[in-house]
Amino acid sequence: MNKGNGPIPTSQLFALINKDRCYGSVNRGNKLSINSASVDAASGLALHSVREAPRLSLRRRAIETEISKSHLQRIFKQNRILPFKPKFRHTLEEGDEAKRLDFCLEISNRVLNDVGFHKQILFSDESTFSTNGVVSSQHCRNDGNCMKGHWQQITVATV
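Numbers given in the working numbering equal positions in the sequence shown, counted from 1, plus 755.
See the structure below:
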């Protein structure tokens with residue numbers, strides 16, 4: 756603020772006018788405090804809307820509950836609600852449990868019988884393998900040369 760007796764700079768004058776318009780006084784240092792009852796009501800309404808419609812987008816939820824999008828994001832962050840829509844890619848079919856158990860038993864037997872078996876396993880990060888040895892690795896998180904959205908063609912030696 757202007758400490759001297761000289762003229763007030765225009766930027767400070769506009770800041771004081773805006774402060775008076777927003778808060779009703781130029782003496783008020785901080786913004787008005789938000790009523791805690793209204794915050795509790797808003798967070799209760801937001802959490803209830805999540806229980807009612809968990810797949811609703813944040814923007815649509817803000818429109819329906821008349822709570823700002825940024826306030827909804829803050830409420831969700833405080834309550835550890837993740838803002839994504841769950842998508843189920845793989846479903847367990849009937850008989851899958853038995854197949855999984857058979858697979859685990861088979862791998863356990865191979866590990867016990869063959870000391871170097873673990874060296875023959877290829878661990879990948881979401882790559883698609885085909886029968887002709889071509890690998891489509893679309894998710895290259897650790898490779899700095901891989902551009903996102905493009906796939907590399909890698910040939911794997913068949914055994």
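Note that CB positions come from ideal geometry on N, CA and C, so glycine has one too.
Would you check if the segment 828-838 and the segment 796-803 touch, i.e. whether three or more CB-CB distances between them fall below 8 Å?
Cβ pair count under 8 Å is three or more, so yes.
Taking the alpha-carbon positions, what's the A808 to R814 distance?
The alpha-carbon atoms of A808 and R814 are separated by roughly 13 Å.
Can you grab the Cα-Cα spacing for the pair T876 / R810, in whole Å?
The question names Thr, yet the displayed sequence has Ile at residue 876. Their backbone Cα atoms lie some 38 Å apart in a straight line.
Taking the beta carbon of A817 as the centre, do at least 16 other beta carbons fall within 10 Å, making it buried, or is it exposed?
When all chains shown are included, A817 counts as buried.
Report whether the distance from the Cβ of E861 to the nearest heavy atom of the ligand HEM is below 7 Å.
This structure lacks the ligand HEM; in fact it carries no ligand of any kind.
What is the DSSP secondary structure of E861, counted as helix, strand or coil?
Three-state DSSP puts E861 in a helix.
Per DSSP, what kind of secondary structure is L827 in: helix, strand or coil?
Reduced to three states, the DSSP call for L827 is helix.
Please return the same chain residues whose Cβ sits closer than 8 Å to the Cβ of I862, not counting the five positions on each side in sequence.
Hits under 8 Å: none found.
Evaluate I822 with the Cβ neighbour count: other Cβ atoms within 10 Å of its Cβ, from every protein chain shown; 16 or more gives buried, anything less gives exposed.
That one is buried.
Going by beta carbon distance, what residues of the same chain come within less than 8 Å of N760, once the five residues before and after it are set aside?
So the list is empty, once near-sequence residues are dropped.
Rank L771, L802, I836 by C-alpha distance to the C-alpha of T820 and give the top, closest one.
Per the Cα distances, L802.
Quick check on V870: does DSSP put it in helix, strand or coil?
Here V870 sits in coil by DSSP.
Can you tell me whether A796 is helix, strand or coil according to DSSP?
Helix, per DSSP.
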